[in-house]
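These notes concern the structure reproduced below.
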Amino acid sequence: MGIEGLRFPLADLPPETETLRAEVRDFLAEERASGGFEPHCDAWMSNWSPEFSRKLAARGWIGIMWPKKYGGQERSALERYVITEELMAAGTPVFAHWLGDRQLGPTLLNYGTEAQRELILPRIVKGEIFLAAGMSEPDAGSDLAAARTSLKRSGDGWRLNGTKVWTSAAHLADYIIVFCRTEAQDPNHRHAGLNQVLVPMTAPGIHITPIHLINGRHHFNQVVFEDVEVGDDQIIGEIGAGWKQITDELVYERSGPERYLSTFPLFVAFIDKIRRDGATAAQTAMAGRLTAQYWALRRMSLCVVSAMAAGGLPNTEAAVVKDMGTRFEKDVIDAVRSVLVARPDAGSSDDFEVRLAEAILASPGLTLRGGANAILRGVIARGLGLR
Amino acid sequence: MNDIRVMLTETAEKLFTGLATPEVVNASEQGVWAANLWQAVEAAGLPRAAVPEDLGGSGGVLGDAFAVVGVAATHSAPIPLAETVLAGWVLSSAGLAVPDGPLTVVPETRGDAIIFTPADGGGWRLTGTARHVAWARHAHHIVVVGRDGDDVRVGLVKAADCDIQTDVNLAGEPADHVGFGGVHVAASDGGAAGASVTMETLWEMGALARTVQMAGALERAFALTVRYTSERVQFGRALSKFQAVQQEIALMAGEVAAAGVAADAAVAAAEKGAATQAIAAAKARVGQAAGMVAASAHQLHGAMGFTQEHSLHHSTRRLWAWRDEYGSEGEWAEKLGSWLVAQGGDGIWPFVSGSRAGLKE
Numbered sequence: 001m002g003i004e005g006l007r008f009p010l011a012d013l014p015p016e017t018e019t020l021r022a023e024v025r026d027f028l029a030e031e032r033a034s035g036g037f038e039p040h041c042d043a044w045m046s047n048w049s050p051e052f053s054r055k056l057a058a059r060g061w062i063g064i065m066w067p068k069k070y071g072g073q074e075r076s077a078l079e080r081y082v083i084t085e086e087l088m089a090a091g092t093p094v095f096a097h098w099l100g101d102r103q104l105g106p107t108l109l110n111y112g113t114e115a116q117r118e119l120i121l122p123r124i125v126k127g128e129i130f131l132a133a134g135m136s137e138p139d140a141g142s143d144l145a146a147a148r149t150s151l152k153r154s155g156d157g158w159r160l161n162g163t164k165v166w167t168s169a170a171h172l173a174d175y176i177i178v179f180c181r182t183e184a185q186d187p188n189h190r191h192a193g194l195n196q197v198l199v200p201m202t203a204p205g206i207h208i209t210p211i212h213l214i215n216g217r218h219h220f221n222q223v224v225f226e227d228v229e230v231g232d233d234q235i236i237g238e239i240g241a242g243w244k245q246i247t248d249e250l251v252y253e254r255s256g257p258e259r260y261l262s263t264f265p266l267f268v269a270f271i272d273k274i275r276r277d278g279a280t281a282a283q284t285a286m287a288g289r290l291t292a293q294y295w296a297l298r299r300m301s302l303c304v305v306s307a308m309a310a311g312g313l314p315n316t317e318a319a320v321v322k323d324m325g326t327r328f329e330k331d332v333i334d335a336v337r338s339v340l341v342a343r344p345d346a347g348s349s350d351d352f353e354v355r356l357a358e359a360i361l362a363s364p365g366l367t368l369r370g371g372a373n374a375i376l377r378g379v380i381a382r383g384l385g386l387r
Numbered sequence: 388m389n390d391i392r393v394m395l396t397e398t399a400e401k402l403f404t405g406l407a408t409p410e411v412v413n414a415s416e417q418g419v420w421a422a423n424l425w426q427a428v429e430a431a432g433l434p435r436a437a438v439p440e441d442l443g444g445s446g447g448v449l450g451d452a453f454a455v456v457g458v459a460a461t462h463s464a465p466i467p468l469a470e471t472v473l474a475g476w477v478l479s480s481a482g483l484a485v486p487d488g489p490l491t492v493v494p495e496t497r498g499d500a501i502i503f504t505p506a507d508g509g510g511w512r513l514t515g516t517a518r519h520v521a522w523a524r525h526a527h528h529i530v531v532v533g534r535d536g537d538d539v540r541v542g543l544v545k546a547a548d549c550d551i552q553t554d555v556n557l558a559g560e561p562a563d564h565v566g567f568g569g570v571h572v573a574a575s576d577g578g579a580a581g582a583s584v585t586m587e588t589l590w591e592m593g594a595l596a597r598t599v600q601m602a603g604a605l606e607r608a609f610a611l612t613v614r615y616t617s618e619r620v621q622f623g624r625a626l627s628k629f630q631a632v633q634q635e636i637a638l639m640a641g642e643v644a645a646a647g648v649a650a651d652a653a654v655a656a657a658e659k660g661a662a663t664q665a666i667a668a669a670k671a672r673v674g675q676a677a678g679m680v681a682a683s684a685h686q687l688h689g690a691m692g693f694t695q696e697h698s699l700h701h702s703t704r705r706l707w708a709w710r711d712e713y714g715s716e717g718e719w720a721e722k723l724g725s726w727l728v729a730q731g732g733d734g735i736w737p738f739v740s741g742s743r744a745g746l747k748e
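Quick mapping for you: the protein sequence lines, in order, are chains G and E. Heads up, the first sequence is in our numbering, so the first residue is 1 and it goes up one at a time. Heads up, the second sequence is in our numbering, so the first residue is 388 and it goes up one at a time.
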């Protein structure tokens, strides 16, 4: 039964998570009431608030799965899921701590040295430092293995040279984990010679240039590394093992509820607006149709996280949920427009019009970041045994 | 999945693989009742898996019965297994024993109403017509849900006592019209419907059955597509080596996976009671998947898949028929939408997340 190569056994959250969910909802209600944040589309990617991140840290909600000796609470992936989905649904500005909590901390836990873990993890948990990930390059986007940033031996240490692009939050981060090569790419062994190194943003030789997007946002950057000195103690994991490390990291990156909830604040505003103005049959049917998809996507997302909580790395399933989720969060935009006439306007007094403008201008990125969807479908095809 | 369910589905898988072959499905469409198949299904206790033991069943839960319904649908099994499960749910809710033999339930078409009139000497006389009733011509008994004034009643009648006009659905499955011109229901064969059975919940359970069936048929349409594209060679290689084909299969896989999860989640909600919105969401979502996957499956099978001879149509015609039975995607979307709009924007996330934790009620 089921599909060969794809496992989505129905998963439920343990009943104990209800208490945690209620706490998060209470926190969010207080923050909204006191003006601590406004819900926005794509806020998790576009809206940076160290202050908001520190409030979450004060509640113990960053790095909650990590060992207690690093300041974590050793709580489960399912508990983390409850926190993240509540933050996503509410459109909160969590961007500052997101990468560290979601994937870079786990990379250090899985592959880093004890010294690296002690240096970095407790400060992520406290919201004191924020991390960036240097992965893509001008000639290495979907084809990440084509990365050319080089790590060359120099005396007792190494020198890092190269250019990274689409580096989220590099301009605000304290550390960056850089994906780089110790050997030039061998066409017969494309994934050999890759590594990850931990670099403080204060290191001499790092030059950051902002990349401005069509929606007026700046969260991506170009980061140039010019003879940046790297010590042996900054190498994460084994030399040459970077490809395995980063593909594991990508499962964390791709598996979360942010992958279908980026435009949820728009949908909420849509419901409020049609209720206020008297919903037509077409609007009502669209509300039901889109909610049915949200409901199904969430259940699929929960399957993936449950599999990870049980110790698996469901690479194919995560790709399915990310491909479907990101296409859907984009489709929501034209779906609501098809039944409700409004002017997308970031300066409007109408919430729906503001969120419509945000969503439209963020829309191209939804299916590009974290793996362009055509690439994800290639991952799925491989998981199905077609490639 | 619990152990009982694993065992039931493994038994079902073996049974249907052996006895619900494409030849049997084709023969059924020509009017041949799949007697061997039904006998084997009944001998394995599958139709009454969720009926309490004291009413003739195995005492399992709804999810056990629906799991087997899904396997049957994967094999396009031409028997009223889903209908017998529904009938069993109706009868056992009313404290009535569930008889042997294939059963079906009425009404199946929106707007059809069967009236129960108390009869002199006890029991009731039934009047009314039920249209497009699945498998009525092969059922031994028909389970009727109707009204006596404002009260919902259930009754068991012999199919032979009813007037049956044959008809079929798009998949060539029997979908007959049943006339109840004063048919008598003995007092011991009927009574008040159980608390969980109303005209609305009957409609919901029917929709749930079709949702589970579509999820099963989707798996078969997908498996056939993977197999065909791996075997069919054009331009010097298997179709599955072309990126365009891989991309479309990847999209199909997502839809099939979504349908399976949605169906499972709706069944789980139904086991807990109060599952109207979950069933609405699932039927809408799975119906949508059915359309997309049926279209892609045929596209990737090329001309061969469009023939009678190839068995793809056993699955795709069922998908096309079942998505419009017990309410289409559009109808369920509108019903769900009405409920949601009444909740307002703040009510969406509690529904999607399945939790009202922390809300001030």
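Just so you know, even glycine gets a beta-carbon here, dropped at the ideal spot from N, CA and C. No experiment lies behind these values; they were computed from the predicted model shown.
For glutamate 18 of chain G, the nearest CB of chain E lies under 8 Å from its own CB, placing it at the interface with that chain.
For leucine 10 of chain G, there is no enclosing beta strand (DSSP E), since its DSSP letter is neither H nor E. Among the residues of chain G, those whose CB is under 8 Å from the CB of lysine 722 of chain E are Gly288, following chain order. Within the model, the alpha-carbon separation for leucine 213 of chain G versus threonine 612 of chain E is close to 41 Å. In the DSSP assignment, glutamine 686 of chain E falls outside any beta strand (DSSP E) and within the unbroken alpha helix (DSSP H) covering 663-688.
Shortest Cα-Cα distance from phenylalanine 130 of chain G to any of G:Asp186, G:Glu137, G:Ala57 involves G:Ala57.
Contact with chain E is found for valine 320 of chain G, since one of that chain's Cβ atoms lies less than 8 Å from the residue's Cβ.
At a cut-off of 8 Å between C-beta atoms, valine 613 of chain E counts as an interface residue with respect to chain G. DSSP, read as helix, strand or coil, puts glutamine 695 of chain E in coil.
Between cysteine 303 of chain G and chain E, the shortest Cβ-Cβ separation is below 8 Å.
Contact of valine 268 of chain G with chain E is assigned, a C-beta pair being separated by under 8 Å. Taking 7 Å as the upper bound on Cβ-Cβ separation, chain E lies near no residue of the region 236-265 of chain G. In the three-state reduction of the DSSP assignment, glycine 714 of chain E falls in the coil class. The beta-carbon of glycine 193 of chain G is placed no less than 8 Å from the nearest beta-carbon of chain E. For phenylalanine 403 of chain E, there are no neighbours in chain G by C-beta distance under 7 Å, as the nearest C-beta there is about 11 Å away. Setting aside the 5 residues that flank it on each side, leucine 266 of chain G is surrounded in the same chain by Cys41, Val332, Ile333, Val336, Phe352, Arg355, Leu356, Glu358, Ala359, each with a C-beta closer than 8 Å to its C-beta; the list follows chain order. For cysteine 180 of chain G, the pairing in a beta bridge is given by DSSP as G:Asn195. DSSP, read as helix, strand or coil, puts tryptophan 66 of chain G in coil.
The bridge partners DSSP lists for proline 561 of chain E are E:Val555. Residue contact check for methionine 300 of chain G against chain E: a CB pair falls below 8 Å. At a cut-off of 8 Å, the C-beta of tryptophan 295 of chain G has a neighbouring C-beta in chain E. Interface residue (Cβ-Cβ distance to chain G less than 8 Å): serine 715 of chain E is not classified as such. At a cut-off of 8 Å between beta carbons, phenylalanine 8 of chain G contacts chain E.
Closest option to proline 494 of chain E, judged by alpha-carbon separation, among E:Leu543, E:Thr404, E:Ala682: E:Leu543. Rounded to whole angstroms, the gap between the alpha carbons of valine 320 of chain G and arginine 369 of chain G is 15 Å. In chain order, Pro257, Val321 place their CB closer than 6 Å to the CB of serine 301 of chain G, counting only its own chain and leaving out the 5 sequence neighbours on each side. In this chain, the beta strand (DSSP E) harbouring glutamate 226 of chain G covers 220-230.
Per DSSP, reduced to three states, the secondary structure at valine 728 of chain E is helical. Assigned with DSSP and collapsed to three states, asparagine 423 of chain E falls in helix.
Taking C-beta atoms under 8 Å as the contact rule, phenylalanine 37 of chain G and arginine 59 of chain G fail to qualify, at a distance of about 15 Å.
By the neighbour-count definition (other C-beta atoms within 10 Å, threshold 16), valine 620 of chain E is an exposed residue. Comparing C-alpha distances from alanine 546 of chain E to each of E:Val555, E:His527, E:Ala558 shows the shortest one belongs to E:His527. Proximity of chain G to tryptophan 736 of chain E at the Cβ level (cut-off 7 Å) is accounted for by Ala89, in chain order. For arginine 377 of chain G, the nearest CB of chain E lies under 8 Å from its own CB, placing it at the interface with that chain. Secondary structure of alanine 594 of chain E (DSSP, three-state): helix. CA-CA distance, alanine 309 of chain G to glutamate 253 of chain G, rounds to 15 Å.
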